[in-house]
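Here the protein sequences line up with chains A and B, keeping their order.
Counting from 1 along the first sequence, just add 318 to a position and that's the residue number in the numbering used here.
Counting from 1 along the second sequence, just add 746 to a position and that's the residue number in the numbering used here.
All C-beta atoms, glycine included, are put in the ideal place defined by N, C-alpha and C.
One structure is given here, and the rest of the page talks about it.
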Amino acid sequence: MTMPAVLDPDSLVIRSLPECRAAAEERFNLASWPTRNDQEWRFADLRRNSVDGFAASAVLSTGRQGPWDAVEILDLDTALLRHGERFGPAIEESLGSLGAARHLAWGLKSENFRGECWVIGEDQRLDVPLQLDVRAAGPGHAAWLSLVLVRRGASAVIWEHLSSAVGDAVYLVNGTVVVVEEGAEVKLVGSQELSASSKLVNCVHVIPGANAKVRDVRVNLGAEWVRQEVSASLGAKGADCELFGLSLAGAGEEIDQRTLQAHVSGGIHSNLLYKNALFADARSIFSGLIRVDSGAHQTDAFQSCRNLLLSEEAEANAMPGLEINADQVRCSHGSTCGQIDPEEVFYLRARGIPEAAARHLVTLGFANEIIGRIGNDSVEERLSARVEARLLALRDQKV
Amino acid sequence: MSEDSATLDAVLVDQSQGNFAYPEDYELDAGRGLGPETLNYISEVKGEDQWIRDFRHRALEIFERKPMPTHWASAELDEIKFQEIRYYLAKGRRPTRSWDEVPEDVKRTFERLGIPERERGFLAGVEAQFDSEAAYSNIKEEFDKLGVIFVNSSEGLREHPEIFRKWFGKVIPSGDNKFAALNSAVFSGGSFIYVPPGVKVKHPLQAYFRINAEQFGQFERTLIIVDEGAEVMYMEGCTAPKFETATLHSAVVELVAMPHAKIQYITVQNWSSNVFNLVTKRGLAHEGAEIRWIDCNIGSRLTMKYPGVIMKGRKARGEVISIALANTGQHQDTGAKMIHAADETTSNIVSKSISIGEGRATYRGQVHIPKHLKGCKNNTECDALLINSHSRTDTYPAITVRGNRHATQHEASVSQVSEEQIFYMRQRGLSEAAAMSLSVNGFVNDLVREFPMEYSVELKRLIDLEMEGSVG
């Protein structure tokens, strides 16, 4: 793979949907499918990411809840015409930059590629969540791209939920770019309940402006294979970025997550907490990187990955990374792999709760820590119910 | 006037100190470059058996076949010019037995390096390595009585094949990585040690290494076998003169701890800053055995070293304690590898690195707990200290856990010397540099204490030396 050493920022501006497709076509041809020596795919089961046999035949339908009337909804062509300079580089460069460039480009060059752009107006404060359900009816592949622009001083809660019908083998490519202007605040929740035979490539890129706050929460409750790449471009003073993740996986499933907290300039705070509960022979891969560029002093960056292994066959791989090129920084990362604490189970059993229920409660508590971080009661309540249902389904699963 | 000259005297430190270059007069020299004939030459000089010759040639094939690991490692590796390196040099064929027989110029070099004569008497056996052959080796009588074998690699393979052949190249096969293959092809020197069952060696065994010829790499091979219930501590200290072109040091160290044995392997690495130090170190711990790597990297241009322990028997224990100091022009790429292969095995990694100036320190680690095991535990701590604004530090751990009966935790932090600490010490009259040095010594203090006395003293001095001129 050869890439020009210095990319001309103007060349990354996209002004229309056809330009976007052409750029994806070009990127697809430059990138390559992962091989064994790819550090970006370390520990991944390379038999799973193949796109072979998926035709552009999955049908996407959307449903909405919440104050969408208050939001400017643009089709991708219009959005790129108006805001191409802000979204273009993120679509062409940042999404998929942690290894899934070819998968993402494969989705975006497809004829079965759809998406929307939402603009939250200046100083507009939306406390009721904007909920978008994207349902895929298979078999085959489809791509969905969400572009979010949160104007100066605005605030919003956005919840995107992906699903596919039981038995449908869908390969979904999903990209989200979030641009948050000065002083604005956004809570973005991306959850998925895809069928057990579906695959998902989900790439998220957030760009917070000065004194802006971004919180991104990824919740994986389904799919046979998930490749999730979440990156934050942190270059505006006073920005605050929090990245959370929860994955519950069972028999035959692999959750492969790669994250990047790129501290380009100083005085920015970022925090990351990803949790995985693994049943049966589920596998998880977490590779996180905090990169502090030279000159990005006064950086505060944290990263943590917690794996709960609930069966003898489950496997967790963690690669928490740091690359620090500046001083006067506070950075730390941690990673743990463990089991349910027998003392916690004992405590509950002493109070008359049967063992299986006790273990379920402890696992639920582990998962709900992430749901509790969303910071919106309505979303938390509804997602928590789904998390509980998923845990009950996984509990009795055999390999 | 006299005051001026006194100041001048104080300023004009003898700059040549530390440049331990002496005229070279080697009796044996394999010439530059690498090929089958190089291996034949080495084997001929050493009078090696056919199986060792075959082992070398197989390793060379592997070395030539394997690509450079630059897909994850530093691209600087490509600057090594294998055909310009001399792969074998020796002062004499056999290691000299007594101190009196050691050549005068070699003695003088050791003097410069500051190995006190008294220490040699105190320390049980001294294996002083000069270039690729042990220049001096002396094992006390009591060791012979105990049945402890402490010889160089050629002697070990020649005189005691029944002991060493079984494990030679087994912990680290030639195909493990490109540099292990290179070492397997051209190894010479190093220590082979065998400790019989139940013998607890009281004094640490020690070997000093050094390089003296330009563009000449050392490829020592160490194999330590400690039998059931026995214990040993081995110390390896490196110091090298300054050269202008890159030299290569690529050692292979294999440790075998039989059931309930204990091995501590201590290294202080202080190669000059043009040396590529690419070392493979691994131990195999049987049931109830313990292997500890205590590793300190101060010198070299690029060090890549990830001491490992394979915990093969129940309740085996592995530990890596590592200190790395990277100054401008240096990259310390160090870490640890813990492979749990039996129930109830535990491992611990504590790594501290300090980056000064434009130095770069990297921690790279691997912890692996495969399935169908129970009760395995790993604890990893990595702390990095950055001294200047262009210092760099990276951490790349990889942890794999299968099954629900284990516990691992990994923590890493990056910080700098706190301004408050410095302020506090300056208030009490310390210069900024002295305060900084004290603070850095404090950062690694709990690890430095793990080293034997003389090493920890040496270490503190080395840290002071490295900190000179880094602030202000």
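- Within the model, the alpha-carbon separation for residue 447/A versus residue 462/A is close to 20 angstroms.
- Excluding its 5 nearest sequence neighbours in each direction, residue 369/A has C-beta neighbours in its own chain below 8 angstroms: 421, 424, 459, 489, listed in chain order.
- In this structure, the alpha-carbon of residue 430/A lies about 8 angstroms from that of residue 376/A.
- Residue range 1036–1043 is occupied by the beta strand (DSSP E) that includes residue 1043/B.
- Within chain A, the residues whose beta carbon sits less than 7 angstroms from that of residue 1154/B are 654, 655, listed in sequence order.
- Taking all protein chains shown into account, residue 664/A has fewer than 16 neighbouring C-beta atoms within 10 Å of its C-beta and is therefore exposed.
- At a Cβ-Cβ threshold of 7 angstroms, residue 1120/B and residue 1151/B count as neighbours.
- Partner residues in the beta bridge of residue 938/B, as assigned by DSSP, are 897/B, 969/B.
- For the segment 1130–1141 of chain B, residues whose beta-carbon sits nearer than 9 angstroms to a beta-carbon of chain A comprise 1130, 1132, 1133, 1134, 1135, 1136, 1137, 1138, 1139, 1140, 1141.
- In this structure, residue 620/A lies near residue 650/A, with their beta-carbon atoms less than 7 angstroms apart.
- Taking the beta carbon of residue 594/A as reference, no residue of chain B falls within 7 angstroms; the closest one sits roughly 11 angstroms away.
- For residue 378/A, none of the residues of chain B pass the 9 angstroms Cβ criterion, the least Cβ distance being about 36 angstroms.
- Less than 7 angstroms separates the beta-carbon of residue 645/A from that of residue 1162/B.
- Fewer than three pairs of CB atoms, one per stretch, sit closer than 8 angstroms, so the segment 674–689 of chain A makes no contact with the segment 1179–1198 of chain B.
- The closest CA to that of residue 519/A, considering only 600/A, 418/A, 443/A, 549/A, is found on 418/A.
- From the listed residues 554/A, 546/A, 509/A, 636/A, the smallest Cα separation to residue 528/A is found for 554/A.
- Pairing residue 602/A with residue 550/A gives a Cβ-Cβ distance that is not under 7 angstroms.
- One thing to note: residue 435/A has its Cβ no nearer than 7 angstroms to the Cβ of residue 388/A.
- Contact annotation: the segment 1102–1113 of chain B touches the segment 1064–1072 of chain B, with at least three C-beta pairs closer than 8 angstroms.
- In chain order, 803, 806 place their CB closer than 8 angstroms to the CB of residue 782/B, counting only its own chain and leaving out the 5 sequence neighbours on each side.
- Within a 10 Å sphere around the beta-carbon of residue 1166/B sit fewer than 16 other beta-carbons, which makes this residue exposed.
- Around the beta-carbon of residue 1063/B, 16 or more other beta-carbon atoms lie within 10 Å, marking it buried.
- Per DSSP, the continuous alpha helix (DSSP H) segment holding residue 405/A begins and ends at 394–407.
- In this structure, the straight-line span from the alpha carbon of residue 918/B to that of residue 808/B is close to 13 angstroms.
- DSSP places residue 786/B within a helical segment (H, G or I) once states are collapsed to three.
- In the structure shown, residue 794/B falls within a coil segment according to DSSP collapsed to helix, strand and coil.
- Here residue 563/A has 536, 592 as same chain residues with Cβ atoms under 6 angstroms from its own Cβ, once five neighbours each way along the sequence are excluded.
- At least 7 angstroms separates the CB of residue 898/B from every CB of chain A.
- Against chain B, the CB of residue 591/A has no partner CB under 7 angstroms away; the residue lies outside that interface.
- Within the segment 559–584 of chain A, no residue places its CB atom closer than 7 angstroms to a CB of chain B.
- DSSP lists no beta-bridge partner residue for residue 714/A.
- Counted as a single uninterrupted DSSP element, the beta strand (DSSP E) harbouring residue 1125/B occupies residues 1123–1132.
- Remark: C-beta atoms of residue 414/A and residue 521/A approach each other more closely than 7 angstroms.
- Rounded to the nearest angstrom, the gap between the Cα atoms of residue 1184/B and residue 1160/B is 18 angstroms.
- Contact check for residue 573/A against residue 625/A fails: the beta carbons are separated by 7 angstroms or more.
- Using beta-carbon distances, residue 1150/B counts as an interface residue toward chain A, with a partner under 7 angstroms.
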